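Chemist: Let me begin by handing over the structure; questions about it come next.
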Amino acid sequence: MQSTDLGNKESGKIWHRKPSPATRDGIIVNIIHNTSDYHPKVLRFLNVAFDGTGDCLIAGDHQGNIYVFDLYGNRFNLVQRTAQACTALAFNLRRKSEFLVALADYSVKCFDTVTKELVSWMRGHESSVFSISVHASGKYAITTSSDTAQLWDLDTFQRKRKLNILQSVGIQKVFFLPLSNTILSCFKDNSIFAWECDTLFCKYQLPAPPESSSILYKVFAVTRDGRILAAGGKSNHLHLWCLEARQLFRIIQMPTKVRAIRHLEFLPDSFDAGSNQVLGVLSQDGIMRFINIQTCKLLFEIGSLDEGISSSAISPHGRYIASIMENGSLNIYSVQALTQEINKPPPPLVKVIEDLPKNKLSSSDLKRKVTSGRVQQPAKSRESKIQTRILKQDLTGDFESKKNELPDGLNKKRLQILLKGYGEYPTKYRMFIWRSLLQLPENHTAFSSLIDKGTHVAFLNLQKKYPIKSRKLLRVLQRTLSALAHWSVIFSDTPYLPLLAFPFVKLFQNNQLICFEVIATLIINWCQHWFEYFPNPPINILSMIENVLAFHDKELLQHFIDHDITSQLYAWPLLETVFSEVLTREEWLKLFDNIFSNHPSFLLMTVVAYNMCSRAPLLNCNLKDDFETVEDMQAKVDQQRVEDEAWYQKQELLRQAEETRREMLLQEEEKMIQQRQRLAAVKRQLKVKEMHLQDAARRRFLKLQQDQREMELRRLDDEIGRKVYMRDQEIAATARDLEMRQLELESQKRLYEKNLTENQEAVAKEMRADADAYRRKVDLEEHMFHKLIEAGETQSQKTQKVIKENLAKAEQACLNTDWQIQSLHKQKCDDLQRNKCYQEVAKLLRENRRKEIEIINAMVEEEAKKWKEAEGKELRLRSAKKASALSDASRKWFLKQEINAAVEHAENPCHKEEPRFQNEQEDLSCLPRTSQLNDSSEMDPSTQISLNRRAVEWDTTGQNLIEKVRNLRQRLTARARHRCQTPHLLAA
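Per the working numbering, the sequence shown runs over residues 173 to 1160.
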């Protein structure tokens, strides 16, 4: 392992001798950066990124030094010093010499590696940018921080869109899907959204992973075809998402020593058409393990526990791995060296025995035993000699079920039923079904090793023998035939191999690995006995076809025999070209749907069936020349095709010449555009420089202002300090003066105390002398007073007795007078209080009288109404009684008349009765009209009830009013009595 120290050099060689990486670690070179200052230290690399070609990478350290390493030219150059740590890098822009770098001040800058000038400065983030993703076209870029993601136009370096999120959610990563116009955003809550780049329309959201294996995603990786997303986090589980089906299709569990995944990246392969199968997984122990996501096998690993990896980047073509180690150095690994030991190319299928002059082979050297329903894959051998792989029959009871099981959950029996029902497989899933039926190993490493050997000498001039119009198709055919020839030498001398391989090459031209393995599997399982009579046609196979034809169509076979037509004429051309020259594309695909789904002998049966289907025209051919006329026609057709191809080639040359001139014009236009762009870039640089100069001038002006302000502040500080010093000095002087004054006061105090003491002693003497004289005087006066008292003591006692009696009488008179005055005063207070109470009571009485008058008036009115109502009722009663009396009188009179008439009739029965009706009417007319009286006296029942109710209500109202008045009077009386008694109680 070579080691290179960059030191203080700005350019130089990466390695000084041709690197020969060991298979054990695969390290091409270890790059370190040590300073040669007085105190040497190691400058740690932080980020690394490859360009679009994969042969150049860019790396930045924590001091902002950015280096470009050209692995193809073995050179390194210091292209920029940013003076601050870089947090992310991107080197795959449309302009190959430019790169993006995210810095610690949250800004993103674009520099040119050739001119080493600043191209643009992009700002807008408020936190550190940890990811830069560039669109496949190199026109757009996405910069991601923890709180936002921003979409930039790299032509104008203007921000197009900004993704804002809730602060509680947070962004894990936002990036472009390879070779597509889709943006994938992954958040910290495990939600993953896909957006359209142009419209930012949400295309879909991936569902939540199952709870049983739910992990918080932190790192992501996508295959180059954009179909599979790998996600991992703080767990040893890996989730593989199918972005087309938008579902989780596989969970891979890493070894138990893996506790967290720090980085994921797929290992590209030139021959897998972007469907990467190898995934690099960097775990917490600093070891990056590369696994196959289909077989879940560990292929190789880089790094160790002692020399751990902190981050890695893989070149786009998959040849190099650049890893930043935990010690700050940079390791460059060779993928070819790492995979050389574990994936050696398989040995050749057939080898030529050279002990005879004609290089003949025995049939036992190529024998394979093929059981029904099983397909042999190209074997991987550890020895150089031929390995014979025999598929032994499984004697267990579940052999039928096992042999029908295919990879990816398919079942051969069900596929055969589907094929029998529809006659072909669905076009959309045909290639997938073929790969499962053939059980292709997809050994990328082995195929890469065969391709790396270059074009085989046998196929250097392939275009002369087989002029193909499509350059790409010719190149793929040449590469596939060369790989077959390197795999087995016999294929370099097989003349029909291009005819056999061409339809598969045309079908799988975009996936050369699958094309190679399909052809190899076809040769192993369907063509393995074709080489027993090499270089002659396979007589054994042709004999089998002839025997089958004899069994099914003896007449046609006899016709062939009669005209000396052998199987080399009617069968072998079909096998050489695998029917590609007699069937259309759709017919050929249907045919191989059936060939790959059945026993290898099905191909031979197809040859027989084709001849039987063509028996009518064949029976009409009576001469051998007719059949050879067909071959000659075919040869003429081939010759015509060659001429046509030559003409097409000439036309192609003319077209290419025209395109060359057009390209020259386009190049000139492109140069003009580039010149304009350079001029625009120069203008932009000048503008940037002008802005920098203006910014520098502004900074200098601000610095000058700041210096002036600092000087002013220092001057003010000095002035303040000086004044503080002067104040301290004055305070100290004043303190000293005060101390002196205190001392003077103390001395004056002691002097005053001394003088005061002397004065007090003199005054005390004088006071003592005065006191003695006063005491003598008092004693004299007391002596005289005692004599006086003794002289008038008798008279004094008498006088005192009289005075005491008069005084007692006067005191008694005063007491009596005071008692009378107090009594009068109390009476006066009681009178005032009582007068006040009387006034209140009188007021209440006046109010009560007013209310009583109102009540009495209401009662009088009610009484008048009641009397009036009673008089009406009395009138009605008298009228009713009168009507009743009249009715009784009329009834009595009528009965009396009837009795008289009866008596009269009894006395004189023969007497003619005179009509009395008129008289009765006249008599009755004299009576009062009882009905009229009754009508006038009778009243409506509801009216009568209403009147009665009103009478009762008036009575009740009157009683209530009287009761209320009585209660009010009692309360007023009680209140007045209470108020009159209260002052007396208080006085008592």
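C-beta: ideal position from N, C-alpha, C; glycine also. Everything numeric in this text was worked out from a predicted model, so none of it was measured.
#1: Let me know the secondary structure DSSP gives Val629 once reduced to three states.
#2: Is the region 339 to 351 touching the region 238 to 257 in the sense that three or more CB pairs, one from each, lie closer than 8 Å?
#3: Taking the beta carbon of Thr428 as the centre, do at least 16 other beta carbons fall within 10 Å, making it buried, or is it exposed?
#4: In whole angstroms, what separates the C-alpha of Ile903 from that of Asp277?
#5: Under DSSP, the beta strand (DSSP E) around Lys345 begins and ends at which residues?
#6: Could you tell me whether the Cβ atoms of Thr354 and Lys334 are closer together than 9 Å?
#7: Am I right that Asp242 and His205 are in contact with their C-beta atoms under 8 Å? What's the rounded C-beta distance?
#8: According to DSSP, is Gln322 part of a helix, a strand, or is it coil?
#9: Can you tell me whether Arg461 is buried or exposed? The criterion is at least 16 other CB atoms within 10 Å of its CB, across all chains shown.
#10: Where in the region 225 to 294 do unbroken runs of the beta strand (DSSP E), each at least 3 residues long, occur, reported from the N-terminal end onward?
#11: Give me whichever residues DSSP pairs with Glu1162 in a beta bridge.
#12: Report the rounded CA-to-CA distance for Leu275 versus Val301, giving the unit in angstroms.
#13: Tell me the rounded alpha-carbon separation between Met882 and Gln866.
#14: Between which two residues does the alpha helix (DSSP H) harbouring Lys120 extend?
#15: Might you give, ordered along the chain, the residues of its own chain that have their beta carbon closer than 8 Å to the beta carbon of Thr627, omitting 5 neighbours on each side?
#16: On the CB-based measure, 16 or more other CB atoms within 10 Å of its CB, does Arg1050 come out buried or exposed?
#17: Exposed or buried, which one is Ile474 when buried takes at least 16 other CB atoms within 10 Å?
#18: For Ile387, does the three-state DSSP call read helix, strand or coil?
#19: Do you know offhand how far Leu790's Cα is from Ile733's?
#20: Return the first residue and the last residue of the beta strand (DSSP E) that His411 is part of.
#21: With Asp441 and His616 assumed to form a contact (beta carbons below 8 Å), what rounded beta-carbon distance in angstroms separates them?
#22: Report back the beta-carbon spacing between Ile337 and Leu323 to the nearest angstrom; my notes put them in contact at under 8 Å.
#23: Mapping DSSP to helix, strand and coil, what is Arg189?
#24: Comparing C-alpha positions only, which one of His297, Ser279, Tyr239, Arg295 sits nearest to Ser269?
#25: Looking only at its chain, what residues have a beta carbon closer than 7 Å to the beta carbon of Ile213, apart from the 5 residues adjacent to it on each side?
#26: Taking the straight line between their C-alpha atoms, what separation do you get for Asp177 and Asn246?
#27: Is the region 382 to 397 close to the region 421 to 437, with three or more CB pairs under 8 Å?
#28: What is the rounded straight-line gap between the Cα of Leu250 and the Cα of His188?
#29: Let me check one thing: in DSSP terms, what residues is Val394 bridge-paired to?
#30: Use the C-beta contact count for Ile463: other C-beta atoms within 10 angstroms, 16 or more gives buried, fewer gives exposed.
#31: Taking the alpha carbon of Glu479 as the point to measure from, which residue in Asn503, Ala907, Gln419 has its own alpha carbon closest?
#32: May I ask you to report which of helix, strand or coil DSSP gives Ile337?
#33: In this structure, does DSSP put Glu127 in helix, strand or coil?
#34: In whole angstroms, what separates the C-alpha of Lys1040 from that of Ala1030?
#35: Quickly, what does DSSP pair Thr176 with across the bridge? List them, please.
#36: Have a look at Asn237, Ile230, Ser501 and flag the residue whose alpha-carbon is nearest the alpha-carbon of Ala262.
Modeler: In short:
#1: helix
#2: no
#3: exposed
#4: 53 Å
#5: 343 to 348
#6: no
#7: The Cβ separation is near 17 Å, so there is no contact.
#8: strand
#9: buried
#10: 228 to 233, 237 to 242, 247 to 253, 258 to 262, 270 to 275, 280 to 284, 290 to 294
#11: In the structure displayed, the chain extends from 173 to 1160; residue 1162 sits before or after that span and is not available.
#12: 8 Å
#13: With the sequence shown as reference, residue 882 is identified as Glu, and Met is not the correct amino acid for it. Going by the C-alpha atoms only, they are around 23 Å apart.
#14: In the structure as shown, the chain starts at 173 and stops at 1160, and residue 120 therefore has no counterpart that could be examined.
#15: Gln650, Arg651, Ser654
#16: exposed
#17: buried
#18: coil
#19: 12 Å
#20: 409 to 414
#21: 5 Å
#22: Actually they do not touch by this definition, with Cβ atoms about 14 Å apart.
#23: coil
#24: Tyr239
#25: Residue 213 is actually Lys in this sequence, not Ile. For Lys213, where only same-chain residues beyond five positions count, the Cβ hits under 7 Å are Thr207.
#26: 14 Å
#27: yes
#28: 18 Å
#29: Leu401
#30: buried
#31: Asn503
#32: coil
#33: In the structure as shown, the chain begins at 173 and stops at 1160. Residue 127 is therefore absent and cannot be evaluated.
#34: 15 Å
#35: Ile203
#36: Ile230
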